[in-house]
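Peer 1:
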Amino acid sequence: MSKRLPDEYFRQTISESSDVRATSSGDGSSASPGSSEHRSHWVSLRLVVVSCVAAALVGVMGTRLVMQPESENSSAAPSPSVTSVLDLTPYDGAVVPVAASRATGECSQDRQDRTAALLDARADTVWRCPGGGVGEAVTFGFLPGTELVGVRIINGDTTDEAYRRGRRITAVRWTFSDGSWTVQPLDISQPEGQEVRFPPVVTDEVLMTVLSTTDPGGPETDANAVVVSRVEFLGRG
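Residue 109 in this note's numbering sits at position 104 of the sequence shown, and the numbers go up by one each step.
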């Protein structure tokens with residue numbers, strides 16, 4: 006016959022049930038409704054404080070970000086100062102010839118440097134450079150402090166039929182000691198002197214560089230060359 010255990014082993018009384026609930030927490034302390042409300046109050050207060058501090062920091066950083074570009078711009082853009090304006094208007098008054106003291110160049114004919122022929126007034130002496138001529142240059146020297154306002158050039162060999170047969174220069178560049186320069190286009194149908202004016206410039210050297218030329222006008226060997234008969238510099242009259 007099986008022995009039945011008393012019902013008290015399977016059913017807890019009211020007093021026993023309340024004792025178990027009271028001691029069911031892990032740390033053995035009782036949890037009252039009042040203590041839970043107290044902790045919730047402190048958690049809410051801490052959240053409010055943290056939110057306020059974060060908002061303040063964001064506001065400060067935002068202000069710094071907004072103000073930073075203005076401070077950088079103000080330092081990068083100094084107040085303009087009054088300076089003189091460079092006058093690039095070509096001189097258009099009276100002029101007088103200004104003699105160059107020398108003329109030198111690397112291109113030669115028959116192993117002779119004929120650049121000196123550019124400075125005389127003779128029509129039968131010319132500077133002749135065999136080949137296409139583009140890039141060839143002549144340097145003219147002047148006394149220190151010489152002021153120039155223009156230049157005249159006679160393009161080609163103007164004697165007999167040589168002007169028609171040879172190459173002719175269509176553009177030259179004049180470069181001065183300070184690095185400034187001007188380009189002079191040339192009319193290939195004009196065997197007379199062609200003039201260009203520029204703003205007054207003080208220089209002790211002028212470099213003439215050939216920029217472009219025509220094809221030869223004939224099959225002759227001596228036609229494959231560029232020729233300049235005369236160069237004359239101008240100063241204020």
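Just so you know, even glycine gets a beta-carbon here, dropped at the ideal spot from N, CA and C.
(1) Are there three or more Cβ pairs, one per stretch, closer than 8 Å when the stretch 167-179 is compared with the stretch 97-114?
(2) Which value, in whole angstroms, describes the spacing of the CA atoms of residue 215 and residue 141?
(3) Between the alpha carbons of residue 202 and residue 234, how many angstroms are there, rounded?
(4) My output table needs one value for residue 209: the three-state DSSP class, helix, strand or coil.
(5) Does DSSP classify residue 217 as helix, strand or coil?
(6) Please return the same chain residues whose Cβ sits closer than 7 Å to the Cβ of residue 100, not counting the five positions on each side in sequence.
(7) Where does residue 225 sit, in a helix, a strand or coil, going by DSSP?
(8) Looking at the unbroken beta strand (DSSP E) that takes in residue 107, where does it start and where does it end?
(9) Could you tell me the alpha carbon to alpha carbon distance between residue 137 and residue 213, rounded to whole angstroms?
(10) Let's test the definition: count the other Cβ atoms within 10 Å of the Cβ of residue 225 and tell me whether it reaches 16, buried, or not, exposed.
(11) Go ahead and pull the three-state DSSP assignment for residue 31.
(12) Output needed for residue 168: all residues of its chain with C-beta closer than 7 Å, excluding positions within five of it in sequence on either side, in chain order.
(13) Could you spell out where the beta strand (DSSP E) holding residue 167 opens and where it closes?
(14) If you follow the beta strand (DSSP E) that residue 233 is in, where does it begin and where does it stop?
(15) Quick one, which of 123, 209 and 228 has its alpha-carbon nearest residue 184's?
(16) Using CA coordinates, which residue listed in 200, 217, 222 and 230 is at the minimum distance from residue 237?
Peer 2: Well, looking at it:
(1) The answer is no - the stretch 97-114 does not touch the stretch 167-179, with fewer than three Cβ pairs under 8 Å.
(2) As a first step, residue 215 is located in the sequence shown; it is residue number 210 there, counting from the start. As a first step, residue 141 is located in the sequence shown; it is residue number 136 there, counting from the start. Using only the alpha carbons, I get a separation of about 6 Å.
(3) On the sequence shown, residue 202 is found 197 positions in, with the first residue counted as 1. On the sequence shown, residue 234 is found 229 positions in, with the first residue counted as 1. Cα to Cα, residue 202 sits roughly 20 Å from residue 234.
(4) Here residue 209 corresponds to residue number 204 of the sequence shown, with the count starting at 1. In the structure shown, residue 209 sits in a strand (DSSP, three-state: E or B).
(5) To locate residue 217, count along the sequence shown from 1; it is residue 212. Residue state, collapsed to three classes: strand.
(6) If you number the sequence shown from 1, residue 100 lands on position 95. Closer than 7 Å at the Cβ level, and outside the excluded window around residue 100, lie 154, 155, 239, 240, 241 and 242.
(7) Counted from its first residue, the sequence shown places residue 225 at position 220. Coil.
(8) Working through the sequence shown from its first residue, we reach residue 107 at position 102. The continuous beta strand (DSSP E) containing residue 107 extends over residues 107-110.
(9) Counting from one through the sequence shown, the residue named residue 137 turns up at place 132. Counting from one through the sequence shown, the residue named residue 213 turns up at place 208. The straight-line gap from Cα to Cα measures roughly 16 Å.
(10) Within the sequence shown, the letter at position 220 stands for residue 225. Classification of residue 225: exposed, given that the 10 Å Cβ count is below 16.
(11) Start at 1 with the first residue of the sequence shown, and residue 31 comes out as number 26. Low confidence applies to residue 31: its pLDDT is 43, below 50, so where it sits in the model is not reliable, and the reading given next is rough at best. DSSP places residue 31 in coil when its eight states are reduced to three.
(12) Your numbering for residue 168 matches position 163 in the sequence shown. Excluding residues within five positions, the ones whose Cβ falls inside 7 Å are 161, 162 and 196.
(13) Residue numbering aside, residue 167 sits at position 162 when the sequence shown is read from its first letter. Segment 167-170 is the alpha helix (DSSP H) holding residue 167; no beta strand (DSSP E) there.
(14) By 1-based counting over the sequence shown, the position of residue 233 is 228. Segment 230-241, the beta strand (DSSP E) holding residue 233.
(15) Within the sequence shown, residue 184 is the residue found at index 179, counting from 1. Minimum Cα distance to residue 184 is reached at 209.
(16) Here residue 237 refers to the residue found at position 232 of the sequence shown. It is 200.
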